[in-house]
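Final position of the sequence shown in numbering that gives the first Met the number 0 is 210; the numbers increase by one with none missing.
Using N, Cα and C, we set each Cβ at its ideal position, and we do this for glycine too.
Predicted model only: the values in this text are computed from it and were never measured.
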Amino acid sequence: MRRCDQETDHAGGHAPAVPEEGGHGLALPNRATFGLGLIALLALVTEGAVGDWSALYLAVEAAAPAGVAALGFAGFSLAMTAGRLGGDAVVRRLGGASVLRLGALLSAAGFVLMLAVPRPEVAIAGLVLVGLGLSNVFPVLFSAAGRIPGVSPGMGVAMVATMGYGGLLGGPPLLGFLAQLSGLRLALCLLVLTCLAIAWRSRAVRRDGEA
Numbered sequence: 000m001r002r003c004d005q006e007t008d009h010a011g012g013h014a015p016a017v018p019e020e021g022g023h024g025l026a027l028p029n030r031a032t033f034g035l036g037l038i039a040l041l042a043l044v045t046e047g048a049v050g051d052w053s054a055l056y057l058a059v060e061a062a063a064p065a066g067v068a069a070l071g072f073a074g075f076s077l078a079m080t081a082g083r084l085g086g087d088a089v090v091r092r093l094g095g096a097s098v099l100r101l102g103a104l105l106s107a108a109g110f111v112l113m114l115a116v117p118r119p120e121v122a123i124a125g126l127v128l129v130g131l132g133l134s135n136v137f138p139v140l141f142s143a144a145g146r147i148p149g150v151s152p153g154m155g156v157a158m159v160a161t162m163g164y165g166g167l168l169g170g171p172p173l174l175g176f177l178a179q180l181s182g183l184r185l186a187l188c189l190l191v192l193t194c195l196a197i198a199w200r201s202r203a204v205r206r207d208g209e210a
């Protein structure tokens with residue numbers, strides 16, 4: 000009787016159930032998503048450090064009054080907003096990889112200016128350059144993460160964002176630890192290296208936007 004039922008099911012077009020592949024298990028980043036995620040991590044280490052430590056640097060190292068010290072992060076944020084508003088046209092003209100590389104080098108130059116000349120106006124100008132340079136990192140990364148072959152756009156963006164926010168959480172405490180060991184000014188030199196590393200890793204993004 001059971002055999003007849005099975006034959007009837009097949010005759011009626013009801014194929015036997017096949018377990019779905021993929022499931023809901025933990026998805027690990029492949030080489031492309033890891034490369035983009037590493038850039039995101041470095042970028043958010045840098046952004047987090049600016050948010051947490053720029054005012055203290057201006058107050059302690061550049062002897063800026065409290066009101067002036069707060070202008071450093073304000074200038075950084077405004078420059079990032081302005082750069083992002085015009086970023087689409089720049090990316091279309093130069094390509095994502097070039098925007099990442101040139102922006103990271105501009106940010107590195109901004110940090111060098113800020114650290115080499117510890118005066119309030121110079122440090123604020125340096126932070127403006129940093130914000131402008133980092134402004135299009137995440138639009139480029141998320142665009143590339145959504146075009147990785149074999150990875151759904153949502154999964155690609157989620158993996159890159161997850162790695163990036165690890166840098167936002169871990170970067171500022173790491174800078175604080177290094178500042179206790181060597182002083183804030185020397186610890187912030189690490190941010191020059193993170194920007195140079197972003198420039199070096201920019202090859203993870205092709206000109207056509209694919210990872």
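Leaving out the 5 sequence neighbours to the left and right, which residues in its chain are closer than 7 Å to residue i when beta-carbon positions are compared?
i, result
"Arg202", "Ala96"
"Ala61", "Pro117, Arg118, Pro119, Ala122"
With distance defined between alpha-carbon atoms, name the residue in the options nearest to residue i.
i, options, result
"Ala124", "Ala68, Leu173, Asn135", "Ala68"
"Pro117", "Gly71, Thr45, Met79", "Gly71"
"Phe176", "Trp52, Ala42, Asp87, Gly165", "Trp52"
"Ser76", "Arg91, Arg92, Gly50", "Gly50"
"Glu46", "Ser181, Ala144, Asn135", "Asn135"
"Pro138", "Val191, Gly36, Asn29", "Gly36"
"Arg30", "Gly182, Leu126, Gly149, Leu133", "Gly149"
"Ala63", "Pro119, Phe33, Leu84", "Pro119"
"Thr161", "Pro172, Phe141, Ala103", "Phe141"
"Gly165", "Val59, Val44, Leu174, Leu187", "Val44"
Could you pull out every residue in the same chain whose Cβ sits closer than 8 Å to the Cβ of residue i, ignoring the five residues on either side in sequence?
i, result
"Leu128", "Ala78, Leu105, Ser106, Ala108, Gly109, Leu112"
Give the DSSP-derived three-state secondary structure of residue i in the structure shown.
i, result
"Pro64", "coil"
"Ile147", "coil"
"Val204", "coil"
"Ser142", "helix"
"Gly94", "coil"
"Ser134", "coil"
If I follow the unbroken alpha helix (DSSP H) through residue i, where does it start and stop?
i, result
"Ile197", "188-200"
"Ala42", "30-59"
"Val116", "Neither: Val116 is in no alpha helix (DSSP H) and is coded neither H nor E."
"Gly175", "152-181"
Between which residues of its own chain and residue i is the CB-CB distance below 6 Å, once the five residues before and five after are set aside?
i, result
"Leu131", "Ala78, Gly82"
"Gly74", "Ile123, Leu126, Val127"
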